[in-house]
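Every number in this note's numbering is 1 more than the matching position in the sequence shown, counting from 1. Single-structure report; data block below.
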Amino acid sequence: MSESADPSTRLLELAHLLPKPTAFVFGGGGSWGALHWGILRALAETDIRPDLVVGTSVGSLNGAIAAADPEHSADILGQLWPSVTREQIFPGGVISSLSTLRRTHGWLYDSSNLAEYLSSRLPVTRIEDLPVPFVAIATDFATGSRVELDHGDLASALVASAAIPGIFPWVMRDGLRLVDGGVVSNVSTDVARARGARSIVVLDCGLFGVDGSLSESIVDVLARTVAIQSRQQVIHDLSQSLDVPVLWLGGPELTSTSQLDFSHTVALADAAYATSSTLLRSLDGASVLEPGLHGGPELVRADPRIRDHARP
């Protein structure tokens, strides 16, 4: 192994384990997207880098940063995530949000804050200008079809991918009414596979354990409902992609935080870093990963569609 820039650490040479092209697939999960920061910190200690990035919802926001600067994305997210507050993304209290609902009849929060936040922090304006090919996943609200956004305005693609129905307004783009991609496909490994990926790294930020006691408001109820639904998409999409090695990196399977709560960013990122780093270091000295699922939540690994493809 070679020395990294930090003499106190050693770069894990793991890229040879994953046949190229290698895709990074970022899942959705609201404020749990802080887990991506921790995962990328762990990946930065290896030589694994993406040839393609696919992202859904908050995963499209973090994925765009990774596609813009794969070498420094963990540092960039480390500057962004600790400063994010609920007020920035979901402005106003219950009265304000209900007032918005009465006015719009369709959603609780205006997404202009999110659009402005993204526009001020994105390094490019168009998807095709990103150094690494990038796809944001959204849902056609009219047909329920998955929509793959791989060209055009980057900020509007990200807002569309993260437009949770009932919480944010849909985004009109290319004549389509688009909402959050997690409605139909939260971890789109099959998109990466269809676009030629021969290995996939899943950066997961969803949770498979659901603590219903957190659903104390209409906003939390809507967000938790979407989270539960989106997890059901994961196993289907994953089962379509296990003819290649799929390395699953994530954080804890259950947390006491809400996906609308941005006050636990650092703790979530640290937990994801610890979990992901442990798995990556366990691969040191391994041979090329065989097709199938490496890592991942037990609930996924035990599913009949996955079980025969789950690797030690």
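All C-beta atoms, glycine included, are put in the ideal place defined by N, C-alpha and C.
Bridge partners - residue 249, DSSP secondary structure assignment: As a working mapping, residue 249 is identified with position 248 in the sequence shown. DSSP output for residue 249 lists 203 and 296 as bridge partner(s).
Cβ pair residue 45, residue 54 closer than 8 Å: In the sequence shown, counting from the first residue as 1, residue 45 sits at position 44. In the sequence shown, counting from the first residue as 1, residue 54 sits at position 53. For residue 45 and residue 54, no; Cβs fall outside 8 Å.
Buried versus exposed call for residue 152 [16 or more other C-beta atoms within 10 Å across all chains shown]: Indexing the sequence shown from 1 puts residue 152 at position 151. Burial call: exposed.
Contact belief for residue 301 with residue 201 at Cβ below 8 Å, rounded distance in angstroms: Here residue 301 refers to the residue found at position 300 when the sequence shown is read from its first residue. Here residue 201 refers to the residue found at position 200 when the sequence shown is read from its first residue. Wrong, their Cβ atoms sit about 14 Å apart, outside the cutoff.
Residue range of the beta strand (DSSP E) that includes residue 131: Position 130 of the sequence shown, counted from the first residue, corresponds to residue 131. No beta strand (DSSP E) contains residue 131, which DSSP labels as neither H nor E.
Cβ-based neighbour list, residue 96, same chain, cut-off 6 Å, excluding 5 preceding and 5 following: Taking the sequence shown and counting its residues from 1, one reaches residue 96 at position 95. Note that residue 96 scores 40 on pLDDT, short of 50, meaning its location in the model is unreliable and no value can be drawn from it.
Presumed contact (8 Å Cβ cut-off) between residue 181 and residue 162, rounded CB distance: Here residue 181 corresponds to residue number 180 of the sequence shown, with the count starting at 1. Here residue 162 corresponds to residue number 161 of the sequence shown, with the count starting at 1. Yes, they are in contact, since the Cβ atoms of residue 181 and residue 162 sit about 7 Å apart, within 8 Å.
CB of residue 204 within 8 Å of CB of residue 25, strictly: Position 203 of the sequence shown, counted from the start, is the residue given in the question as residue 204. Position 24 of the sequence shown, counted from the start, is the residue given in the question as residue 25. For residue 204 and residue 25, yes; Cβs fall inside 8 Å.
Cβ neighbour criterion (16 or more within 10 Å) applied to residue 244: For the purposes of this step, residue 244 is taken as residue 243 along the sequence shown, with counting starting at 1. Result: exposed.
Proximal residues to residue 40 (C-beta, below 6 Å), its chain only, five neighbours per side dropped: Within the sequence shown, numbered from 1, the residue matching residue 40 stands at position 39. Same-chain partners within the cutoff: 204, 250, 273 and 277.
Test item: CB-CB of residue 58 and residue 66 under 8 Å: Counted from its first residue, the sequence shown places residue 58 at position 57. Counted from its first residue, the sequence shown places residue 66 at position 65. Not in contact: residue 58 and residue 66 (Cβ atoms no closer than 8 Å).
Per-residue DSSP class, three states only, for residue 164: Here the question's residue 164 lines up with position 163 in the sequence shown. Three-state result, residue 164: coil.
Spatial distance of residue 279 from residue 177 (CA atoms): Counting from 1 along the sequence shown, the entry for residue 279 is found at position 278. Counting from 1 along the sequence shown, the entry for residue 177 is found at position 176. Taking the straight line joining both Cα atoms gives about 43 Å.
Local Cβ density within 10 Å of residue 308, reported as buried at 16 or more and exposed below that: Residue 308 sits at position 307 when you count from the first residue of the sequence shown. Exposed, since its Cβ has fewer than 16 Cβ neighbours within 10 Å.
Environment of residue 31 [buried if 16+ CB atoms lie within 10 Å]: Here residue 31 refers to the residue found at position 30 when the sequence shown is read from its first residue. Burial call: buried.
Nearest to residue 136 (by Cα), restricted to the options 47, 186 and 15: Taking the sequence shown and counting its residues from 1, the one referred to as residue 136 is at position 135. Nearest of 47, 186 and 15 to residue 136, Cα basis: 186.
Backbone CA spacing between residue 102 and residue 222 [nearest angstrom]: Start at 1 with the first residue of the sequence shown, and residue 102 comes out as number 101. Start at 1 with the first residue of the sequence shown, and residue 222 comes out as number 221. No answer about residue 102 holds up, because its pLDDT of 45 lies below 50 and its placement is not dependable.
Secondary structure of residue 140, DSSP reduced to three states: In the sequence shown, counting from the first residue as 1, residue 140 sits at position 139. Here residue 140 sits in strand by DSSP.
Cβ pair residue 56, residue 207 closer than 8 Å: Taking the sequence shown and counting its residues from 1, one reaches residue 56 at position 55. Taking the sequence shown and counting its residues from 1, one reaches residue 207 at position 206. Not a contact, by the Cβ cut-off of 8 Å.
With 16 other Cβ atoms within 10 Å as the buried cut-off, status of residue 333: In this structure the chain extends from 2 to 313, so residue 333 is not present and cannot be described.
C-beta atoms of residue 291 and residue 306 nearer than 8 Å: The sequence position of residue 291 within the sequence shown is 290, counting from 1. The sequence position of residue 306 within the sequence shown is 305, counting from 1. Going by C-beta atoms, residue 291 is not nearer than 8 Å to residue 306.
Residue 11 burial status per 10 Å Cβ neighbour count (16 or more: buried): As a first step, residue 11 is located in the sequence shown; it is residue number 10 there, counting from the start. When all chains shown are included, residue 11 counts as exposed.
Pick from 71, 172, 282 and 264 that is closest to residue 84, judged by C-alpha positions: For the purposes of this step, residue 84 is taken as the residue at position 83 of the sequence shown. Out of 71, 172, 282 and 264, 264 has the C-alpha closest to the C-alpha of residue 84.
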